[in-house]
Amino acid sequence: PGAYLLMDAKYAQNEDTAFHQALYVHATCISADEASGKRILDAGTKALDLLAGMPTVTSLFDEALATALARCVYTEGGCEHGILRGVPAGVLDVGTTVQLVPADLYPTVNRHAYLVGVRGGTAEVVFPIDARYSAPSRL
223 PGAYLLMDAK YAQNEDTAFH QALYVHATCI SADEASGKRI LDAGTKALDL
273 LAGMPTVTSL FDEALATALA RCVYTEGGCE HGILRGVPAG VLDVGTTVQL
323 VPADLYPTVN RHAYLVGVRG GTAEVVFPID ARYSAPSRL
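This is the structure we're talking about:
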């Protein structure tokens, strides 16, 4: 019953929803192969559940980057990494952070110890994820 609150890629496909995406997994580009249009991200299956499908990639902070990434495809790169394919030359330098929208939020949330609530670019609250394990009471 909570998917509408945070959204995921599957739920967001509903055309009649009045809700907007609120759950993102932040990932950093750690390697770039300009010639092949491939970038390696530091978010693999430990950060995202891929059984329901691959996440979509965007940028919350750079509209031009979000537009350039809209046609890129995330593919599995193992536990620690994801592979972003189809990245145009000159886009997504090493060290750049992007946001991934999980296909299914429930198993993705269970991979993390905390959700960080952000409003207007400021972290306002940290929610421990008890479903994963007993998270420490403070950071």
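If you count by my numbering, then the sequence shown holds residues 223 to 361, one letter each, in order.
Beta carbons are placed, not taken as given, at the ideal position from N, Cα and C, and that holds for glycine.
Secondary structure in the region 299-342: the beta strand (DSSP E) runs of 3 residues or longer, each lying completely within the stretch, are 304-307, 319-323 and 336-341 in chain order. A Cβ-Cβ separation of about 6 Å places L322 in contact with L270 under the 8 Å criterion. Taking the Cα of E285 as reference, the smallest distance to any Cα among V320, K268, L337 and H242 is reached at V320. Linking D315 to I252 through their CA atoms gives a straight-line distance of about 9 Å. In this model, A288 and D352 are separated by some 32 Å (Cα to Cα).
In the three-state reduction of the DSSP assignment, T289 falls in the helix class.
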